[in-house]
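Structure record follows, encoded as C-alpha cells.
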Ligand code: PMP
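Residue numbers (the numbering used here): 12 to 412.
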C-alpha cells in the first residue's frame with residue numbers, strides 16, 4: 012500500500028467477492044488472495060471440505076488418497092502432466108522445476124524474462140516483477156554473484172534479444188523459464204508467435220521450456236495457458252488456484268522427467284507439509300467447481316469488466332490500456348499497448364495511485380500496485396461489477412487530474 016500512498020486495510024473476513032475490514036468497511040475485492048480464490052472467499056464447499064479434513068487430522072507425513080486424487084485432477088486437466096509433485100508454495104515449485112531442469116540437461120543457466128516473477132528463489136530475483144517491481148528493487152541483496160551469473164534476463168516479447176541471449180550462452184541453457192501469460196508486471200500477454208519462438212528455441216537448443224502457470228493455471232482455462240494459447244511446456248509450475256486458498260503448489264511433467272525427482276531419482280526435493288490434507292481438500296473442492304461453464308462465466312465477467320473500465324476511462328478522457336484474459340485484468344495508465352517490463356514501468360504510476368485511492372474510498376479494493384493483475388472471480392456477479400464500474404467512473408476522473 013505504500014506504493015499508492017495508503018495505510019494497509021486490515022481484513023476481518025471475506026465473503027464471496029467481498030472483503031470486510033476490521034472497521035466494518037466492505038470492499039469488492041480484486042486481489043482474491045493474489046489469485047487462489049477463483050471461487051471467492053469462504054466458499055461453502057471449500058470450507059466444508061477443509062473442516063472435514065481437519066477433523067481427520069491436519070498432517071501425517073505419510074501418503075493420503077487426496078494427494079493422489081488431486082494429482083489425478085492435474086493430469087486430467089493440464090496438457091503434458093503425467094506425474095505431479097506437490098509442494099507448499101509457488102516458490103518451492105519453481106525452485107524444484109529449475110533444479111530438475113538443470114539435473115536432466117546437465118547445464119546451469121536459466122533464461123528468464125524481465126518483469127516475470129517466479130517466487131523468491133535466489134537466482135530468479137533478477138529484474139523480477141511483483142513486489143520487487145512495486146518497491147523498485149532491481150535485484151535483491153543477499154544473492155551471490157555466482158547465483159546471479161546463472162540467470163540470463165531477456166525482455167519479454169523481444170525475439171531478437173532472446174536469440175542474442177541464446178547465442179551468447181553458446182546456445183545451451185538448461186531452461187527457458189516463462190510465465191506464458193506474464194501477470195507480475197501487470198498482465199502483458201505474449202505477442203503473436205512469441206511462445207512458439209520459445210518452444211522452437213528449446214527444441215533447437217535442448218533446453219527445457221518451463222512454464223510457470225502459478226497464476227494462469229486453472230484460471231485462464233481448464234488446462235491453463237497451455238490450453239488457451241496452444242503452447243506446450245516440458246515442465247509445468249502450478250500453484251494458487253490448485254490449493255484453493257491453502258498452501259499448495261506443484262511441479263508437473265512427463266514421467267521420464269518427473270521420475271528423476273527423489274525418491275524415484277536422485278534430484279532431491281522434500282517438504283514436511285507438502286500435500287497436506289487441508290490443502291488437498293481445498294484444492295479438490297475448488298477444482299470440482301471448475302467445469303467448462305465456470306470458465307465461460309469467468310470469461311464473460313472479465314470481458315464485461317474490461318470493456319466497462321475502458322469505456323469509463325474514455326469517458327473521463329484518461330488514456331488506458333486494459334489487457335485481459337479469462338480471470339485476469341490490468342489497467343495500464345498508458346497511451347500505447349504495453350508489451351514488456353519497460354512499457355509497464357513507463358505507465359503513469361501517479362495516476363494509478365490516484366485511481367486506486369478513488370476506488371478504495373468507494374469500496375473497491377484493487378491490487379495496490381500497478382504491477383499486479385486484478386483477479387476477478389466466479390463470485391463477482393452483476394452487483395459487484397456495477398459497484399466497480401460506478402466507482403471507476405469517478406475514480407478515473409480523479410486519476411486524470
Ligand atoms: N510464480 C508466479 C507466476 C507467481 O505469480 C508467484 C506468486 N505470485 C509465484 C511463482 C510464487 O508463488 P508463492 O508466492 O506461492 O511462493
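All C-beta atoms, glycine included, are put in the ideal place defined by N, C-alpha and C.
Of the candidates 277, 231, 286 and 317, 231 places its Cα closest to the Cα of residue 301. According to DSSP, residue pairing for residue 123 in a beta bridge involves 164.
In the displayed model, residue 242 falls within coil according to three-state DSSP, outside both helix and strand. Judged by the Cβ position, residue 226 qualifies as a neighbour of ligand 1 at the 7 angstroms threshold, a heavy atom of the ligand being closer than this. In this structure, the beta-carbon distance from residue 95 to residue 296 does not fall below 8 angstroms. Rounded to whole angstroms, residue 157 and residue 211 show a C-alpha spacing of 28 angstroms. Within the same chain, and ignoring the five residues on either side of residue 100 in sequence, the residues whose Cβ sits closer than 8 angstroms to its Cβ are 130, 250, 258 and 260.
With 16 or more other Cβ atoms from the protein chains shown falling within 10 Å of its own Cβ, residue 287 counts as buried. Within a 10 Å sphere around the beta-carbon of residue 352 sit 16 or more other beta-carbons, which makes this residue buried. DSSP places residue 314 within a helical segment (H, G or I) once states are collapsed to three. Judged by DSSP in its simplified three-state form, residue 283 adopts coil rather than helix or strand. The Cβ neighbour count for residue 291, taken over all protein chains shown within 10 Å, is at least 16; the residue is labelled buried. With 16 or more other Cβ atoms inside 10 Å of its own Cβ, residue 343 counts as buried. When beta bridges are read from the DSSP output, residue 332 appears opposite 343.
For the pair residue 405 and residue 373, the CB atoms are nearer than the 8 angstroms cut-off. Set against 7 angstroms, the gap from the CB of residue 105 to the closest heavy atom of ligand 1 is smaller.
Within the same chain, Cβ atoms closer than 6 angstroms to the Cβ of residue 213 are found at 187 and 220, the five residues on either side in sequence being excluded.
A distance of 8 angstroms or more separates the beta carbons of residue 253 and residue 70.
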